[in-house]
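Peer 1: Provided herewith is a single structure, encoded as structure tokens, for subsequent inquiry.
Numbering (the numbering used here), first residue to last: 144 to 285.
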């Protein structure tokens with residue numbers, strides 16, 4: 144897939160098919176982008192599960208925080224990555240160990256690793272990089 148350009152239909156299809164989102168790099172700080180995006184996604188009806196090892200067991204926006212993707216007790220449709228590009232490969236590896244596999248890995252603005260994306264796509268996971276669902280949703284759906 145060409146990760147330099149996504150069609151609106153591709154992005155809208157993802158946003159309309161997803162129900163449960165694991166948000167890696169979740170922050171309890173309201174000033175952090177991950178916190179704002181989490182709130183936005185919750186307001187649009189998504190089930191958002193925060194992931195942050197330093198906050199595990201605590202609450203962010205009323206949701207229990209998990210240390211790792213593997214700790215989440217329900218299937219995940221999408222992993223939304225709020226981590227630097229150098230960590231995307233590790234997040235993909237963690238996602239590849241899940242059963243069932245997530246359908247989508249979405250990395251936030253400025254986050255890109257083509258090798259990690261290729262690894263996910265090789266097993267049928269859709270990948271979006273360098274985009275924000277809280278920007279794309281109102282542009283395409285709302």
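Note that CB positions come from ideal geometry on N, CA and C, so glycine has one too. Since we're looking at a predicted model, the values are computed, not measured.
Helix or strand or just coil, what does DSSP make of residue 186?
Peer 2: In the structure shown, residue 186 adopts helical secondary structure according to DSSP, grouped into three states.
Peer 1: Leaving out five residues on either side along the sequence, give the residues of the same chain with a beta carbon under 8 angstroms from the beta carbon of residue 169.
Peer 2: If we look at residue 169 and ignore the five residues flanking it on each side, its Cβ neighbours are 177, 178, 181, 193, 194, 195, 198, 203, 208 and 225.
Peer 1: For residue 165 and residue 215, which I take to be in contact (beta-carbon distance under 8 angstroms), what is that distance rounded to the nearest angstrom?
Peer 2: 6 angstroms
Peer 1: Please name the residue or residues paired with residue 165 in a DSSP beta bridge.
Peer 2: 192 and 222
Peer 1: Is residue 250 buried or exposed, if buried means 16 or more other CB atoms sit within 10 Å of its CB?
Peer 2: buried
Peer 1: Between 155, 211 and 190, which lies nearest to residue 205 when the distance is taken from Cα to Cα?
Peer 2: 190
Peer 1: State the Cα-Cα distance for the pair residue 158 and residue 268, rounded to the nearest angstrom.
Peer 2: 14 angstroms
Peer 1: In the DSSP assignment, the beta strand (DSSP E) including residue 271 goes from what residue to what residue?
Peer 2: 269 to 271
Peer 1: Can you find the residues in the same chain that come closer than 7 angstroms, C-beta to C-beta, to residue 151, ignoring five residues on each side of it along the sequence?
Peer 2: 283
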